Amino acid sequence: MNDSTVTYTTLGSTGLDVSELCLGTMNFGSAEPWMVNDEDESRRILERALDLGINFFDTANAYSNGESERILGDAVDSARRDELVLASKVYFDMHDGPNGSGLSKKHIIDQCHATLDRLGVDYLDLYQIHRWDDDTPIEETLDALTYLVDEGLVRYIGASTMANWKFQKALYTADVEGYERFVSMQPEYNAVDRHEEANLLPVCEMEGVGVIPWSPLAGGFLAGKYDRDDDLSEGRASTDEYTANRFSDENWAVLDEVQAIADAKDATPAQVSLAWLCQQDVVDAPIIGPRTMDHLEENVGALDVDLTDEECARIEAPKQPQWPVEGKD
């Protein structure tokens with residue numbers, strides 16, 4: 001069993017206490033064969049996370065078309081609601097036909113009620129826009145989210161993955177028009193995907209916005225899941241160009257440093273990679289996505305790994321963060 005102690009921080013400039021690791025639940029459901037299709041196993045992982053002290057859980061209505069939310073709600077039903085921070089997201093398609101996706105006032109409010117029903121709770125601690133909606137004015141989106149806060153259905157609002165200027169526009173609009181303000185941002189961020197250092201992260205730091213990165217292990221790359229001589233003609237890399245492009249010389253150089261540091265510290269590459277992310281000043285809580293109990297225990301063990309400035313510099317040296325990255329807006 002893991003003897004690590006999960007510690008807590010506040011989310012951005014709010015007073016909301018969150019565990020320094022957030023457990024993401026995209027892997028819990030049946031939409032894809034690589035997911036945890038066994039609901040009993042999903043429940044055991046979530047309950048063990050609670051035992052370890054994790055109080056911050058992230059899901060989305062689009063994860064297995066709501067199945068992930070239901071599984072999470074069932075698993076945390078007996079936990080103390082006043083200690084939990086439950087977060088979900090809205091934007092992607094939930095049904096065919098009109099008003100099935102996006103950030104219109106209708107879709108946001110309808111989907112919030114559906115999310116609450118699936119989770120079996122009266123309110124969400126954090127409700128996030130999953131992407132930016134070019135077809136809906138940001139004023140309408142913020143008005144809908146503010147309504148949900150005023151009605152007591154949502155406590156805080158957040159955002160995920162967008163261009164710097166769009167996020168700044170949203171924050172400015174909220175300030176000028178008196179809408180609720182985004183308190184958190186979910187960017188893709190890890191030791192090989194550092195483009196947000198040239199995009200969203202400076203804004204978050206300047207504005208006191210909490211950062212909860214997704215894909216902290218780069219789809220398993222930073223956990224040492226792949227080798228240079230692996231046959232990539234099968235699996236996700238064979239059909240997903242973005243995944244295939246991850247296998248670059250500079251990314252392998254990062255992993256070499258991660259592995260060397262892990263060996264020296266009697267840790268795993270995943271633990272060193274998560275430790276690097278947790279030690280970034282702008283980061284509050286990386287979103288881990290364990291598919292097994294061993295993955296969960298390993299991830300939590302990262303909280304006991306301390307990296308020196310020199311070790312962090314070695315991990316960072318092969319990469320030069322830049323923006324834009326085509327297709328990631």
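What the sequence shown shows, in full-length UniProt numbering, is residues 1 to 329, in sequence order. Yeah, the Cβ is synthetic: ideal placement off N, Cα and C, and Gly gets one too. Remember, predicted model here, so these are calculated numbers, not experimental data.
Residue i, enclosing alpha helix (DSSP H) - first and last residue
i           : result
residue 364 : This structure cannot settle anything about residue 364, because the visible part of the chain is limited to 1 through 329.
S273        : 269-278
Q168        : 164-177
D125        : Segment 124-129 is the beta strand (DSSP E) holding D125; no alpha helix (DSSP H) there.
S68         : 67-75
H95         : Run containing H95: none; DSSP gives neither H nor E here.
Q111        : 105-119
Identified DSSP bridge partners for residue i
i    : result
M185 : A159, V211
G24  : D58
D17  : T10
V305 : According to DSSP, V305 bridges with nothing at all.
V36  : F28
V203 : BP columns for V203 are empty, so no partner.
I45  : Its beta-bridge partners do not exist; DSSP assigns none.
I288 : L23
V154 : L124
C-alpha gap between residue i and residue j, whole angstroms
i           : j    : result
M185        : T25  : 17 angstroms
E180        : Q128 : 12 angstroms
D82         : Y123 : 11 angstroms
D231        : L274 : 26 angstroms
T141        : Y63  : 21 angstroms
L16         : T10  : 5 angstroms
Y91         : E316 : 33 angstroms
W165        : D40  : 43 angstroms
A302        : D134 : 38 angstroms
K225        : D294 : 14 angstroms
I31         : E310 : Reading the sequence as shown, one finds Ala at residue 31 and not Ile. Going by the C-alpha atoms only, they are around 42 angstroms apart.
I14         : L50  : A quick correction: the sequence has Thr, not Ile, at residue 14. Going from the Cα of T14 to the Cα of L50 covers about 23 angstroms.
E297        : G178 : 43 angstroms
P290        : D263 : 22 angstroms
S88         : L126 : 7 angstroms
V305        : M206 : 28 angstroms
V254        : I212 : 22 angstroms
N37         : F28  : 7 angstroms
T161        : V192 : 17 angstroms
W132        : N61  : 16 angstroms
E197        : C278 : 15 angstroms
V6          : F57  : 14 angstroms
N55         : L72  : 12 angstroms
residue 343 : R155 : The requested residue 343 is not part of the displayed model; the chain covers only 1 to 329.
C312        : W276 : 6 angstroms
H105        : M35  : It is worth fixing the name first, because residue 105 is Lys in this sequence and not His. Taking the straight line joining both Cα atoms gives about 32 angstroms.
G12         : Y172 : 17 angstroms
L86         : K319 : 34 angstroms
A260        : D227 : 15 angstroms
The beta strand (DSSP E) enclosing residue i, as first and last residue numbers
i    : result
V90  : 85-90
Y147 : Per DSSP, Y147 belongs to no beta strand (DSSP E); it is in the alpha helix (DSSP H), 138-150.
Presumed contact (8 angstroms Cβ cut-off) between residue i and residue j, rounded CB distance
i    : j    : result
P216 : I287 : 7 angstroms
G102 : T136 : 6 angstroms
N199 : L222 : Contact doesn't hold; Cβ gap of about 20 angstroms is too wide.
L52  : V272 : That belief does not hold up - the Cβ atoms of L52 and V272 are roughly 20 angstroms apart, past 8 angstroms.
V183 : G152 : Actually they are not in contact, since the Cβ atoms of V183 and G152 sit about 17 angstroms apart, beyond 8 angstroms.
E67  : T115 : Actually they are not in contact, since the Cβ atoms of E67 and T115 sit about 12 angstroms apart, beyond 8 angstroms.
P321 : H195 : 6 angstroms
E257 : R314 : 5 angstroms
Short CB-CB distance (under 8 angstroms) between residue i and chain B
i   : result
S13 : Reference to chain B is not applicable here, since this structure consists of a single protein chain.
Mind the definition here: the stretch 143-151 touches the stretch 91-100 only if three or more C-beta pairs lie below 8 angstroms; say whether that holds. Under the three-pair Cβ rule at 8 angstroms, the stretch 143-151 does not count as touching the stretch 91-100.
Quick one: any contact between the stretch 240-253 and the stretch 28-48, if contact means 3 or more CB pairs under 8 angstroms? No: fewer than three Cβ pairs fall under 8 angstroms.
Is there contact here, the stretch 69-88 with the stretch 105-120, by at least three beta-carbon pairs under 8 angstroms? Proximity of the stretch 69-88 to the stretch 105-120 meets the contact definition, three or more beta-carbon pairs being nearer than 8 angstroms.
Would you check if the stretch 275-294 and the stretch 211-228 touch, i.e. whether three or more CB-CB distances between them fall below 8 angstroms? With contact defined as three or more Cβ pairs closer than 8 angstroms, the stretch 211-228 and the stretch 275-294 are in contact.
Given 8 angstroms as the limit, is there contact between the stretch 256-272 and the stretch 14-25, that is, 3 or more CB pairs closer than that? The stretch 256-272, when compared against the stretch 14-25, does not touch it at the 8 angstroms Cβ threshold.
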